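Enquirer: The structure that follows is given in the form of structure tokens.
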Amino acid sequence: RNIYGIDPETTLEKSLKAAGVKPEEITKVLHTHLHFDHAGGSVKKEDGKLVPAFPSAKYFVRKKNFEWGSSPSDRDRGSYIKQNFVPLMEHGVLELIDDATMEFMDGISLYEINGHTFGQQAIKISDGAQTLFFCADLIPMHAHVPLPYIMGYDLQPLVTLQEKKEVLAKASDEDWTLVVQHDPEVVAVKVERTDKGFRVKEKLFQL
Ligand SMILES: [Zn+2]
51 RNIYGIDPET
61 TLEKSLKAAG
71 VKPEEITKVL
81 HTHLHFDHAG
91 GSVKKEDGKL
101 VPAFPSAKYF
111 VRKKNFEWGS
121 SPSDRDRGSY
131 IKQNFVPLME
141 HGVLELIDDA
151 TMEFMDGISL
161 YEINGHTFGQ
171 QAIKISDGAQ
181 TLFFCADLIP
191 MHAHVPLPYI
201 MGYDLQPLVT
211 LQEKKEVLAK
221 ASDEDWTLVV
231 QHDPEVVAVK
241 VERTDKGFRV
251 KEKLFQL
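Okay, structure coming up:
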């Protein structure tokens, strides 16, 4: 509980309410991957049964990640909790995105990432002028911006290294805002190339 910072007082439903959004107004839920700390909140209990938490929504995840998460290895079995996604499949609201898909909808594109787990996807939202890149577990905290800093959880660390190089090069050159979802200090950062490699240039939205 402490490692993951699980706080039962803060729920997705409450956060959406604070932003003025009702669960039934959500029409699309785009999963980066099905690890429990990312897919939790997808379902809720109603009359003792697990049902989709967003009754009007289609949920999306990469096919590769769904297949891996449905039968993970002994190494990462603890990261996939089937109650988070099997009920979505049973209700017919989970759509599987195949390997070739890079565009989700106008202005929202997907980057398949396979170092952390198989078939994770980062999400790039761009209006042509500004780009917001949701790193998910490719760069979970701003401390992971320098290339050698890679999580011990990753199934293929050298693949993560290559994937980070590609993303950080584009992020530096095109001034992307990188959302670092697990960071306790900041919501997002901008990065730059230095003599020592990629580094944080600017911290945005301090927590
Ligand atoms: Zn993860």
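Position 135 (the sequence shown) corresponds to 185 in our numbering; numbering is contiguous.
Idealized CB from N, CA, C, for every residue including glycine.
Owing to the predicted nature of the structure, the values given are computational and were not obtained by experimental measurement.
What does the shell around ligand 1 hold, if a residue joins when its beta-carbon is under 5 Å from any heavy atom?
Expert: Qualifying residues come out as His85 and Asp187.
Enquirer: Figure out for me which residue from Gly91, Met191 and Glu252 has the closest Cα to the Cα of Phe104.
Expert: For Phe104, the nearest C-alpha among the options comes from Gly91.
Enquirer: Using a 10 Å radius around the Cβ and a threshold of 16 neighbouring Cβ atoms, would you call Gly165 buried or exposed?
Expert: Classification of Gly165: buried, given that the 10 Å Cβ count is 16 or more.
Enquirer: I need the DSSP call for Glu140, collapsed to helix, strand or coil.
Expert: Residue state, collapsed to three classes: helix.
Enquirer: Grab me the residues of Phe184's own chain with a C-beta within less than 8 Å of its C-beta, minus the 5 sequence neighbours each way, in chain order.
Expert: Once the five neighbours on either side are set aside, the close Cβ partners of Phe184 are Thr82, Ala172, Ile173, Lys174, Ile175, Val229 and Gln231.
Enquirer: Does His192 come out as helix, strand or coil in the three-state DSSP assignment?
Expert: It is helical.
Enquirer: In its own chain, which residues sit with a C-beta less than 7 Å from the C-beta of Leu100, not counting the 5 before and 5 after it?
Expert: The residues are Val93, Gln133 and Pro137.
Enquirer: With Leu211 as the anchor, note down where its alpha helix (DSSP H) starts and where it stops.
Expert: Element bounds for Leu211: Pro207 to Asp223.
Enquirer: Would you report the Cα separation of Lys64 and Asp245, rounded to the nearest angstrom?
Expert: Taking the straight line from one Cα to the other gives about 44 Å.
Enquirer: How big is the Cα-Cα spacing for Leu80 and Gly247?
Expert: Looking at the two C-alpha atoms, the distance is approximately 32 Å.
Enquirer: State the DSSP-derived secondary structure class of Lys132, mapped to helix, strand or coil.
Expert: Residue state, collapsed to three classes: helix.
Enquirer: Is the separation between the beta-carbon of Asp233 and that of His192 shorter than 7 Å?
Expert: A contact, by the Cβ cut-off of 7 Å.
Enquirer: Taking DSSP as the reference, what is the three-state secondary structure of Arg243?
Expert: If DSSP states are grouped into helix, strand and coil, Arg243 belongs with the strands.
Enquirer: Could you tell me if Phe255 is buried or exposed, where buried requires 16 or more neighbouring beta carbons within 10 angstroms of its beta carbon?
Expert: Flag for Phe255 reads exposed.
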